[in-house]
Amino acid sequence: MSRQLLLLNETLRLQDNPLLNVPKSTDSAYAVILLNQHQFEQSSPKRQALQAALIADFAKQLAARGIQLHCYIAEPWQQLQKLIKAWQIELVVAATPCAIDEVRLFDKVSSLCKVQLLDCNSLLDGQLAPDYQRFPKSCSQFRSQREPELLVSAPIADRCCPSAFIGNGCSPFTSQTETNEQFAAEYSSEGASKRWQNYLQSRAFSAYLQTRNQLYGADYASFLSVALAFGTLSVRQCWQDLQQGPQHPSAVWLKQELFWREYFRHYFRVHGAACFAEAGLARRAPLPKFPKGSSTARENFRRWQQGETGVPFIDANMRLLANTGLMSNRGRQNVASYLVFELGVDWRLGATFFEQQLLDFDVASNWGNWAYIAGAGEGPARHFNVMKQSLQYDKDAEFVSLLLPDINSTLTGPAKHRPYPIHGSTPWQESWAPYLP
0 MSRQLLLLNE TLRLQDNPLL NVPKSTDSAY AVILLNQHQF EQSSPKRQAL
50 QAALIADFAK QLAARGIQLH CYIAEPWQQL QKLIKAWQIE LVVAATPCAI
100 DEVRLFDKVS SLCKVQLLDC NSLLDGQLAP DYQRFPKSCS QFRSQREPEL
150 LVSAPIADRC CPSAFIGNGC SPFTSQTETN EQFAAEYSSE GASKRWQNYL
200 QSRAFSAYLQ TRNQLYGADY ASFLSVALAF GTLSVRQCWQ DLQQGPQHPS
250 AVWLKQELFW REYFRHYFRV HGAACFAEAG LARRAPLPKF PKGSSTAREN
300 FRRWQQGETG VPFIDANMRL LANTGLMSNR GRQNVASYLV FELGVDWRLG
350 ATFFEQQLLD FDVASNWGNW AYIAGAGEGP ARHFNVMKQS LQYDKDAEFV
400 SLLLPDINST LTGPAKHRPY PIHGSTPWQE SWAPYLP
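Take the sequence shown: its position 228, counted from the start at 1, is 227 in the numbering used here, and no numbers get skipped.
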C-alpha cells in the first residue's frame with residue numbers, strides 16, 4: 000500500500016491513460032491538476048478559457064467514476080511540497096516531461112518521495128523508445144531508422160481502480176477564468192474523438208495531402224493539434240486508427256506529421272536547456288539585426304504581434320491568430336521567418352508569444368519549429384520569400400481579403416498582396432519584386 004499523487008496535467012482523458020492505471024485497490028491516490036501560475040496568467044484569455052473548460056470536463060468524467068479531481072494554479076514546486084507533506088505522499092506519478100523546467104521540477108520532487116514518469120503522450124515508449132545516446136540529427140534520419148514498419152507503442156487498456164482514489168465528486172476549478180462550453184464540446188476527449196472519427200470517414204481526409212498547405216477552412220487539416228496538446232486524445236490511438244484504415248497518400252503523410260511531433264518530443268529530452276538558448280544547437284547564434292530590448296526591436300515586435308507590419312500575408316495570419324488562437328502550419332512558418340529575418344527580432348520572443356496565444360501550444364513542437372526556422376536547430380535557417388509564398392498559397396488573395404477587408408481594398412486578385420503603408424512607411428525587400436503583380 001502506498002499514498003500516491005497523480006499529476007494529470009497533460010492527460011485529460013480516460014482512454015489510454017497509463018497514469019490512472021497505477022493505483023491498486025490497496026493504495027490511496029489523489030488525482031491532481033497543477034497549473035503553473037506564471038504561465039497560466041501569461042496565456043491569452045482564449046487559451047485560459049479553453050484550458051479551464053477541458054479541465055472542468057475531465058473532472059466531470061472522473062466524478063462519474065467516483066474520483067475527485069483536485070485543481071490548483073500555483074508555483075509548482077511550492078504547491079507540490081505542500082501536498083506531499085499534507086497528504087503524506089510516498090509516490091508522485093506524472094507524464095514524462097519534454098521541457099527542461101519540468102525535468103528539473105521532478106528531480107527536486109524526487110528528493111521528497113519516489114517519482115514515476117510514464118510517457119503517456121508519445122508514440123514511442125519502452126523498447127521502442129529511441130536511444131538518446133545516438134539520437135539522429137534530423138527527423139528524416141529519425142524516421143528512416145524505423146522504416147518500413149514504423150512500429151509504435153500500442154494504446155493500453157483501461158484498468159483504473161476508482162476505489163483507490165481519495166474522495167468522490169468533483170471539486171470546482173480554482174481559476175477565476177470563465178470556462179467555455181463550446182470549447183469543451185469541441186476539444187474534450189468525447190468531442191475530439193467524435194470529430195477525429197468523422198474526419199477519417201470524410202473526403203477531406205483523403206484530400207489532406209492536397210489541402211494541408213491551405214490557410215483556413217473547416218476541413219483542410221486534421222485539427223488534431225489541440226486535443227493532442229492537452230492530452231484529450233491519445234496519439235497512439237490516432238496512429239492505430241490511421242494504420243487500420245486505407246493507406247492512401249494522405250494517410251501516409253499525416254503519419255509523417257505525427258512523426259515530426261514525435262521527433263521534437265525526444266529531441267527536447269536529449270538537448271534540454273540548449274533548445275531554449277539563442278543559438279540553440281547551432282554553431283553560431285542566429286543573431287537578430289537589432290539588439291534585444293532596443294526601441295527598433297520592440298517596435299518591430301509590437302507591429303508583428305498586432306498584425307501591423309504592412310505585409311498583407313503576414314498581417315492576415317497574425318490577425319487570424321488573435322481571432323481564433325490558431326494558425327495554419329504554412330502561416331506559422333512564414334510569420335516566424337518574417338519576424339526573424341525581415342524584422343530582425345530574437346526568435347525566442349516569437350516562440351514565447353506563440354506559447355501564450357496558441358490553443359494548441361505544445362512546448363516541443365512550438366519551440367522546435369521556431370528553432371528550425373531560425374537556424375537554431377541542427378540544420379540551416381529557413382528564410383522564406385513572403386511574397387512568393389503569398390502568391391503560391393493565396394493566389395487570388397481570398398485569405399488576406401477575408402482577414403483584412405479594408406487593406407488594399409481598391410486592388411483585386413494577386414495585387415492585394417502588395418505591401419501597404421504603416422505609420423507612413425512601406426516595407427520592401429528587393430527579393431519580392433519578381434513576385435509582385
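Cβ atoms here follow ideal geometry from the backbone N, Cα and C, with glycine treated the same way.
These figures come from a predicted structure and were not determined experimentally.
What residues in its chain sit with their C-beta under 6 Å from that of residue i, if we drop five residues either side in the sequence?
| i | result |
| --- | --- |
| Asp218 | Ala203 |
| Gln41 | Gln355 |
| Ile421 | Glu307 and Gly309 |
| Phe134 | Val269 |
| Asp56 | Ala183 and Ser187 |
| Val225 | Tyr186, Leu358 and Asp359 |
| Pro129 | His265 |
| Trp431 | Met386 |
| Gly271 | Ile99 |
So, helix, strand or coil for residue i, using DSSP?
| i | result |
| --- | --- |
| Asn120 | coil |
| Gln115 | strand |
| Leu199 | helix |
| Gln428 | coil |
| Gln496 | This structure leaves residue 496 out entirely; the chain is present only between 0 and 436. |
| Pro268 | According to the sequence provided, residue 268 is Arg. The question's Pro does not apply to it. If DSSP states are grouped into helix, strand and coil, Arg268 belongs with the helices. |
| His422 | coil |
| Gln175 | Caution applies to Gln175, whose pLDDT of 48 falls short of 50 and renders its modelled position unreliable; the value that the coordinates give is listed next. Three-state DSSP puts Gln175 in coil, outside helix and strand. |
| Cys237 | helix |
| Asn407 | coil |
| Arg158 | coil |
| Ile32 | strand |
| Ser224 | helix |
| Val339 | helix |
| Val251 | helix |
Between the Cα of residue i and the Cα atoms of the options, which residue gives the shortest distance?
| i | options | result |
| --- | --- | --- |
| Ser24 | Leu13, Ser205 and Ser1 | Ser1 |
| Leu278 | His382, Ala375 and Gln428 | Correcting the residue type first, residue 278 is Ala in the shown sequence and not Leu. That would be Ala375, whose Cα lies nearest to the Cα of Ala278. |
| Arg235 | Leu127, Gly324, Pro311 and Leu348 | Leu127 |
| Ala438 | Val31, Glu307, Gln47 and Tyr186 | Since the first residue shown for the chain is 0 and the last is 436, residue 438 is missing from the structure and cannot be characterised. |
| Arg211 | Arg331, Cys237, Tyr337 and Ser139 | Arg331 |
| Leu348 | Asn20, Lys45 and Gln304 | Gln304 |
| Asp395 | Leu214, Lys81 and Ala163 | Leu214 |
| Phe222 | Asp157, Pro248 and Glu256 | Glu256 |
| Arg158 | Tyr392, Leu18, Ala373 and Phe360 | Leu18 |
| Pro436 | Arg417, Glu429 and Ser430 | Arg417 |
| Val344 | Tyr371, Glu298 and Pro311 | Glu298 |
| Glu397 | Leu338, Glu429, Arg329 and Pro311 | Pro311 |
With 16 other CB atoms within 10 Å as the buried threshold, where does residue i fall?
| i | result |
| --- | --- |
| Ser424 | exposed |
| Tyr131 | exposed |
| Val362 | buried |
| Asn197 | exposed |
| Trp427 | exposed |
| Asn16 | buried |
| Lys45 | buried |
| Leu150 | exposed |
| Ala315 | buried |
| Thr411 | exposed |
| Thr409 | exposed |
| Asp106 | exposed |
| Ser233 | buried |
| Glu9 | buried |
| Glu74 | exposed |
Considering only residues of the same chain and omitting the five flanking positions on each side of residue i, which have a CB-CB separation below 8 Å?
| i | result |
| --- | --- |
| Gln175 | In this prediction, Gln175 has a pLDDT of 48, which is less than 50 and means its spatial position is unreliable; nothing more can be read from the coordinates. |
| Tyr434 | Asn384, Met386, Lys387, Ser389 and Leu390 |
Compare the C-beta of residue i with all C-beta atoms of chain D and state if any pair is closer than 8 Å.
| i | result |
| --- | --- |
| Gly374 | Absent from the structure is chain D; it holds one protein chain and no more. |
So, at 7 Å on beta carbons, what are the nonlocal neighbours of residue i in its own chain, with the 5 sequence-adjacent residues on each side left out?
| i | result |
| --- | --- |
| Gly324 | Ser43, Lys45, Arg46, Gln356, Leu357 and Leu358 |
| Glu377 | Lys136, Ser137 and Leu280 |
| Cys160 | Pro22, Lys23 and Ser24 |
| Leu7 | Leu18, Ala30, Val31 and Ile32 |
| His382 | Ser336 and Phe340 |
Does the pairing of the stretch 247 to 264 with the stretch 360 to 373 give three or more beta-carbon distances under 8 Å? yes
State whether the stretch 305 to 322 contacts the stretch 396 to 407, with contact taken as three or more CB pairs (one from each stretch) at a distance under 8 Å. yes
Does the pairing of the stretch 213 to 230 with the stretch 181 to 197 give three or more beta-carbon distances under 8 Å? yes
For the stretch 245 to 256 against the stretch 76 to 86, are there 3 or more C-beta pairs whose distance is under 8 Å? no
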